[in-house]
Amino acid sequence: MKLTVAQATVRFLAAQYSERDGVRQRLIAGCLGIFGHGNVAGLGQALLQDPDLLPYVLGRNEQAMVHTAVAYARMKDRLQTYAVSTSIGPGATNMITGAALATVNRLPVLLLPADTFADRSAAPLLQELEVPWSGDVTVNDAFRPVSKYFDRVHRPEQLPAALLAAMRVLTDPAETGAVTICLPQDVQAQAFDWPDEFFADRVWRVARPVPEPGDLAEAGALIRSARRPLIVAGGGVGYSGAHAALARFCESTGIPVGLTQAGKGALPFDHEQCLGAIGSTGTAAANTIAAEADLVIGVGTRYSDFTTASRTAFGADGVRFVNVNVAGLDAVKHAGLAVRADARTTLEALAGLEYTVAPEYRAEYTRLDAEWNARVRAAYDTEELTQSAVIGAVNDLSDPRDVVVCAAGSMPGDLHKLWQTRDAKGYHVEYGYSCMGYEIAGGLGVALACPDRDVFVLVGDGSYLMMATELVTALQEDLKVIVVLVQNHGFASIGALSESLGSQRFGTRYRYRTKSGRLDGDLLPVDLAANAASLGVPVVRVEDRAALADAIAAAKASATSTLIHVETDPFHNGAPDTGAWWDVPVSEVSTLDSTQAAYRTYAEHKATQRTYLHPTEAS
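Letter 18 of the sequence shown, counting from 1, is numbered 13 in the numbering used here, and no numbers are missing.
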């Protein structure tokens, strides 16, 4: 079959399937792309020629397209994703942040950046990087450290090996992330006689690694010896579909559960063993139990600094860890017993464990959870239109299967501790890379993956200004997202952090520069509601709780996207503080009193930080 490299790539991708537990689906659901020199005559021509092979979506920003693909993959439990095609130069490098986000979060996405001429016949090209020390380096080499697999196809004969390797990594739950295949623009348009078998349907089975019997036995012994065990449920619970297995295990043993950002939804918020968020942005209930836990059972978590409160959350002397994870990198953390296995498979294998916590322990965490839920309700019901009240209104007025999407700023922390998740897929906060600009693009990915759910995108003004462009893509694709834009005229999250570090919210306010040289003048007259309206999205401005409730109801009833604009106070978000710590260094010496005071506080917290290096062994 004589096809160009680009045509062959499209035909190959359309024939790839993933399968788990006997359920098969297309691995590459479609291709997001922005065309320019480098891919317009290659992949662009191929997608035009065979539109039924790989559905095409035109995006507005290359980074945003990667975010959309990543969000889609997350909602599909990493069993499906999108390819992303770009031109050479800035079109390609715009994707690097998205690639890092995908790899940090262990989410599959196929990146197909165009590259400079393989034959170098017209070098240097427009947008081509020249370096004096190497002739084969291009800007696309910047993808190497943020990709789980990287290749460059210099000749048509190299394409099969590159694409087969790409599919292997995309479907490996332990190794998945961004996969980058660079396609030089001359090679994309080059014809070749391909063997028919290259385009045959291929099924990539996503494995469920089973635990080693010895590891399983040792994990059981550790659990039976524990007096105050705690489960930390991460994103791996969702990706393995382990929600029911986790619920059965917790119900039979009485072991409570704290949830990471990616793990929210592992149990519904009102489950008897669910204590909500854990760590730096955790609930008082989960963090109180964590402080005295003698055994921490991590299920599908990579133990980020927010999850461990920078290694201060688990404070008991001799605390031990059991880590269930498909990735060896995560399973060995904190010197824990490494159970390198699928979360659902492992929890099912532990189902017959003869163990239950003491009634006193169950009563303690039940009381703490009830007290926390009362604090959440108080934060929701305040008359002032704080950020917490906005979150509460959306939580109360959305349906259980609706999805909330967020990524950066102060909102993810408030959502983590306050949002009451009712459905396993109802909470979608990107907090591995916490990338400003993810929200709206990610909301599109969620809407593409789950068209039967309403998608609420909660975004602050700082993140909105980074990447609002995909509102246009939402209109183009008839995708409904409800954007709740919280306007507080600055970087509220970093402002609060700056203040806590003694830096007085420097550089975090959207204000005029005054004669003093500082940005401390009047507020800038930026009208983000008008901006959204200019992109074609219906906009509703609200100024009180009643108007917000009406706007949410109207947005849910609408068939199209809506943006709800709400102004809040950056100095008061209304969320209860749990006193948990996050390690952000403070200047050790300073002429500022505020910084000196902050450093003293920092040193006090730093003294409580743990190494978690003691080997975990069953006694």
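Every residue, glycine too, gets a C-beta built ideally from N, C-alpha and C.
C-alpha gap between Arg203 and Ala528, whole angstroms: 47 Å
Residue-level contact to chain C via CB, Gln415, 8 Å cutoff: The displayed structure is made up of one protein chain only, and chain C is not part of it.
Limits of the unbroken alpha helix (DSSP H) element including Lys510: Looking at the DSSP string, Lys510 is not in any alpha helix (DSSP H), and its letter there is neither H nor E.
Exposed unless 16 or more other CB atoms sit within 10 angstroms - verdict on Glu583: exposed
Phe451 vs Ile435 beta-carbon contact at 8 Å: no
Exposed unless 16 or more other CB atoms sit within 10 angstroms - verdict on Gly17: exposed
Alpha helix (DSSP H) runs contained entirely in the segment 297 to 350, provided each spans 4 or more residues: 323 to 326 and 338 to 344
Glu379 to Tyr422 span [Cα, whole Å]: 25 Å
Three or more C-beta pairs below 8 Å linking the segment 143 to 157 and the segment 116 to 128: no
Opening and closing residue of the alpha helix (DSSP H) in which Asp364 lies: Pro354 to Tyr375
Delimiting residues of the alpha helix (DSSP H) encompassing Cys529: Note on residue identity: the sequence assigns Ser, not Cys, to residue 529. Run containing Ser529: Leu523 to Ser529, per the alpha helix (DSSP H) assignment.
Lys(-3), enclosing beta strand (DSSP E) - first and last residue: Lys(-3) to Thr(-1)
Residue(s) in a DSSP beta bridge with Trp128: For Trp128, which the question treats as bridged, DSSP gives no partner whatsoever.
Element boundaries [alpha helix (DSSP H), containing Ile559]: Where Ile559 is concerned, there is no enclosing alpha helix (DSSP H), although the beta strand (DSSP E) it sits in stretches over Thr557 to Glu562.
Best match in Val321, Glu267, Arg200 and Gly258 for proximity to Phe301 [C-alpha to C-alpha]: Gly258
Unbroken beta strand (DSSP E) run spanning Cys445, endpoints: Run containing Cys445: none; DSSP gives neither H nor E here.
Glu612 classed as buried or exposed, judged by whether at least 16 other C-beta atoms fall within 10 angstroms: exposed
Whether Phe112 touches Asp181 by CB criterion (8 Å): yes
Residue burial classification, Val132 (beta-carbon count within 10 angstroms, cutoff 16): exposed
Candidates Val334, Gly387 and Ala365: closest to Tyr375 by CA position: Gly387
Residue closest to Leu363, alpha-carbon to alpha-carbon, out of Gln75, Ala281 and Asp72: Ala281
Straight-line gap, Val52 to Gly25 (C-alpha atoms, nearest Å): 8 Å
Where His149 sits in the DSSP three-state scheme: coil
With 16 other Cβ atoms within 10 Å as the buried cut-off, status of Arg150: exposed
Runs of alpha helix (DSSP H) wholly within the segment 165 to 240 (minimum 4 residues, chain order): 180 to 183, 208 to 220 and 230 to 234
Contact set for Ala184: own chain, Cβ-Cβ below 6 Å, skip 5 residues either direction: Thr(-1), Ala36 and Gly37
Terminal residues of the beta strand (DSSP E) in which Ala78 lies: Thr76 to Thr81
Cβ neighbours of Gly293 in the same chain (closer than 6 Å, five flanking residues each side left out): Val227 and Asn318
Asp517 classed as buried or exposed, judged by whether at least 16 other C-beta atoms fall within 10 angstroms: exposed
Buried or exposed by the 16-neighbour rule on C-beta atoms within 10 Å, applied to Gly31: buried
Simplified DSSP state of Asp110, which is helix, strand or coil: strand
Cβ pair count under 8 Å reaching 3, the segment 352 to 371 against the segment 324 to 335: no
Per-residue burial, Lys412 [other beta carbons within 10 Å of its own, 16 or more giving buried]: buried
Simplified DSSP state of Gly455, which is helix, strand or coil: strand
Of the residues Val61, Arg6 and Val65, the one placed nearest Pro46, counting alpha carbons only: Arg6
Span separating the alpha-carbon of Leu96 from that of Ala554: 31 Å
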